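J.: Before I ask anything, here is the structure I am working with.
Residue numbers (my numbering): 26 to 187.
Structure below.
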């Protein structure tokens with residue numbers, strides 16, 4: 026008769042016990058440069074640049090934490106390069122987000138609705154925006170990005186690079 030062999034657990038197979046790994050959403054740094062946060066054309070949300078190779082950028086989604094390559098053929102925009110049209114001159118996105126943060130006192134902005142609701146809300150913290158050149162989709166994206174950065178505690182930015 027054959028002796029029944031018991032299945033050994035991973036702890037029994039090795040001399041030292043292995044720690045229990047708990048996977049959770051990675052914590053983001055509280056201060057981040059907007060040049061490290063990108064928007065990818067055709068994908069919703071924002072992404073944090075982790076590394077770059079010769080053929081692609083490795084980016085992590087701020088919404089769900091999934092990582093993946095972003096190839097050079099995709100349209101990529103750094104948030105540091107984006108600005109909002111105003112009546113005087115263009116205002117960098119970092120300044121607009123800081124104005125939103127002070128207006129909402131660090132809390133989340135109201136969920137974007139229709140175009141008229143967005144425009145009345147923007148006038149409260151950015152009255153000088155150009156109403157003809159800023160479209161409703163741009164404002165909707167601004168509010169979505171602000172709420173995503175606010176939920177990740179990423180509204181404290183490093184000084185912009187000159």
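The beta carbon of each residue, even a glycine, is placed where N, CA and C say it ideally should be. Please read these numbers as outputs of a predicted model, since none were measured by experiment.
Under 8 Å, with one C-beta from each stretch per pair, do the segment 112 to 132 and the segment 151 to 165 reach the 3-pair mark?
T.: Touching, yes, given that three or more Cβ pairs across the two stretches are closer than 8 Å.
J.: From which residue to which residue does the alpha helix (DSSP H) around residue 150 run?
T.: Residue 150 -> alpha helix (DSSP H) spans 140 to 150.
J.: Between the alpha carbons of residue 101 and residue 130, how many angstroms are there, rounded?
T.: Near 30 Å, if we compare the C-alpha coordinates of residue 130 and residue 101.
J.: Which ranges would you report for the alpha helix (DSSP H) in the segment 80 to 104 if only whole runs of at least 4 residues count?
T.: DSSP runs (the alpha helix (DSSP H)) wholly in the segment 80 to 104: none.
J.: Taking 6 Å as the limit between beta carbons, can you name the residues of its chain near residue 107, skipping five residues before and five after?
T.: Closer than 6 Å at the Cβ level, and outside the excluded window around residue 107, lie 118.
J.: For the alpha helix (DSSP H) that contains residue 172, what are its first and last residues?
T.: Residues 161 to 176.
J.: Could you give the distance in angstroms between the alpha-carbon of residue 72 and the alpha-carbon of residue 136?
T.: Between residue 72 and residue 136, the C-alpha separation is close to 20 Å.
J.: Starting from residue 154, follow its DSSP beta bridges and name the residues at the other end.
T.: Partner(s): 111.
J.: What did DSSP end up calling residue 180 once you bin it into helix, strand or coil?
T.: Residue 180: coil per DSSP, three-state reduction.
J.: Quick one: what's got a C-beta closer than 6 Å to residue 183's C-beta in the same chain, skipping five residues either side?
T.: Correct list, in chain order: 56, 58.
J.: Consult DSSP for residue 71 and reduce its assignment to one of helix, strand or coil.
T.: Note: residue 71 maps to coil in three-state DSSP.
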